[in-house]
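2 protein chains.
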Amino acid sequence: MGIRETQRETVVDRLAAHMLERGLAQTSLRQLAAAAGVSDRMLLYYFTDKAEILATVMARVAGELALRLADAIPEQPPLKPAELIRRAAAFTTGPDMRRFMRLWVEVVAAASRGEAPFPAIVAQVMAGFRAWVDARMDLPETADREGTAAAIIAIIDGLALVDICSEDDIAPRMAAALGALVAD
Amino acid sequence: MGIRETQRETVVDRLAAHMLERGLAQTSLRQLAAAAGVSDRMLLYYFTDKAEILATVMARVAGELALRLADAIPEQPPLKPAELIRRAAAFTTGPDMRRFMRLWVEVVAAASRGEAPFPAIVAQVMAGFRAWVDARMDLPETADREGTAAAIIAIIDGLALVDICSEDDIAPRMAAALGALVAD
DNA sequence: GACTCCTTGTAGCGACTGCTACATAGTAAC
DNA sequence: GTTACTATGTAGCAGTCGCTACAAGGAGTC
Chain S
1 MGIRETQRET
11 VVDRLAAHML
21 ERGLAQTSLR
31 QLAAAAGVSD
41 RMLLYYFTDK
51 AEILATVMAR
61 VAGELALRLA
71 DAIPEQPPLK
81 PAELIRRAAA
91 FTTGPDMRRF
101 MRLWVEVVAA
111 ASRGEAPFPA
121 IVAQVMAGFR
131 AWVDARMDLP
141 ETADREGTAA
151 AIIAIIDGLA
161 LVDICSEDDI
171 APRMAAALGA
181 LVAD
Chain D
1001 MGIRETQRET
1011 VVDRLAAHML
1021 ERGLAQTSLR
1031 QLAAAAGVSD
1041 RMLLYYFTDK
1051 AEILATVMAR
1061 VAGELALRLA
1071 DAIPEQPPLK
1081 PAELIRRAAA
1091 FTTGPDMRRF
1101 MRLWVEVVAA
1111 ASRGEAPFPA
1121 IVAQVMAGFR
1131 AWVDARMDLP
1141 ETADREGTAA
1151 AIIAIIDGLA
1161 LVDICSEDDI
1171 APRMAAALGA
1181 LVAD
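Protein sequence lines correspond, in order, to chains S and D.
Just so we're aligned: the first sequence equals residues 1 to 184 in the working numbering.
Just so we're aligned: the second sequence equals residues 1001 to 1184 in the working numbering.
What follows is the structure in structure tokens.
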């Protein structure tokens, strides 16, 4: 592996940490370069353009997210929706996961205004969410499996969005109240 | 009312329509000026700076949103959480409201990265949401009223966020599945 | 040493950003 | 008619954006 590839890996690592910390706020080429400890000139030597940088870094972040999700709740046994929601809510509002969810909300907003490469990233992450829920959801044959999975994702993402908006730490109470709202 | 004030009103009207249509994608001064049918020079004659423009326009949008919400579901009689969620979900995923919810997600993201004047706008709109839910929610004395209201808002906002991400029109199925997930 | 290729710094391009200085046209008061 | 104030256009500032041309260092080959 040449210097270029080694440096690429290092840079992606540092930028993933940077974006988890700062969201999409500090993502100009010069700001990214400073965060990665290289010059902006070299950033465009390692990557072809800014979109490729963001796509690569976000793929790394998405990979870490997928690892954590897979570890958080096992696929077996499948859970009824209410229990799945409770466990997922408790997990995603935890201190470690909030950075991911906050970045996720920002990425969705960027995608909604068509900013490359975010629409593609959103499609990929969203597919991962759906598969994750689908693999863990115990649902009667008669129910709408896709619709229910989408609803569960919506609930989890909604918690993150409201969490971002609230200066006081309402997440635990919100998650607890949510647990009471959903029933098997 | 002088020409300046009259023009201000016209500009705010047009910009509110523009931002509901385009979100935060086209909000440079020159783009806003084009949408309002004036020169960017005049925009900064009617308003002191860009933050004041955005704050004024978003206040107008928030006002329209509040009107629609107030009309959609009456305060009396108060509804049990599950029924309130069902009715609010059906309403906010409707064709007219989706523009509002989409813009709302973008505004939350902008606020989360500290971009003026969005944090203040988010605080104001969020307080409106809380009051709206609180006024319509029939909840036992023993329950956590604030936490439950936050959870309901999270569910509604989550529907909007997932709606944005999905190219196919999954909102109705998602709303229906959600209705089955929540119970009185 | 000459040649070649990978790596890196310097410097800057053209486009866009929010914003402003300056001049001018119009209008009302006296 | 002069004065004063409001309203509007022209032009451009300094800064940031993504990106690139160009040159030079460094290492290996012959």
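Using N, Cα and C, we set each Cβ at its ideal position, and we do this for glycine too.
Check                                                                                                                                               : Outcome
If you measure beta-carbon to beta-carbon, which residues of the segment 1156-1175 of chain D are closer than 9 Å to chain S?                       : Ile1156, Asp1157, Gly1158, Leu1159, Ala1160, Leu1161, Val1162, Asp1163, Ile1164, Cys1165, Ser1166, Glu1167, Ile1170, Ala1171, Pro1172, Arg1173, Met1174, Ala1175
Does the beta-carbon distance from alanine 171/S to leucine 159/S come in below 9 Å?                                                                : yes
Can you pull the chain D residues whose beta carbon is under 7 Å from the beta carbon of proline 81/S, in chain order?                              : Leu1181
If we define contact as Cβ-Cβ less than 9 Å, is methionine 1126/D a contact residue for chain S?                                                    : yes
I want to know whether the segment 1025-1043 of chain D touches the segment 118-125 of chain S - three or more CB-CB distances under 8 Å.           : no
Is it right to say isoleucine 1003/D is buried, meaning 16 or more other beta carbons lie within 10 angstroms of its own, or is it exposed?         : exposed
Helix, strand or coil: how does DSSP classify methionine 1126/D here?                                                                               : helix
Between alanine 1017/D and leucine 69/S, what straight-line distance do the alpha-carbon atoms span, to the nearest angstrom?                       : 40 Å
For the candidate residues Thr56/S, Leu20/S, Arg136/S, Pro119/S, whose alpha-carbon lies nearest to that of alanine 82/S?                           : Arg136/S
Starting from leucine 1161/D, follow the alpha helix (DSSP H) in both directions and report where the run begins and ends.                          : 1145-1165
Counting C-beta neighbours from all protein chains within 10 Å, is the total for proline 77/S 16 or more, i.e. buried, or is it exposed?            : exposed
On the three-pair Cβ rule with 8 Å, is the segment 1169-1184 of chain D touching the segment 1106-1122 of chain D?                                  : no
In this structure, does DSSP put leucine 1139/D in helix, strand or coil?                                                                           : coil
Look at the alpha carbon of arginine 86/S and the alpha carbon of alanine 66/S, and state the distance between them as a whole number of angstroms. : 19 Å
From leucine 139/S to aspartate 1138/D, what distance separates their C-alpha atoms?                                                                : 29 Å
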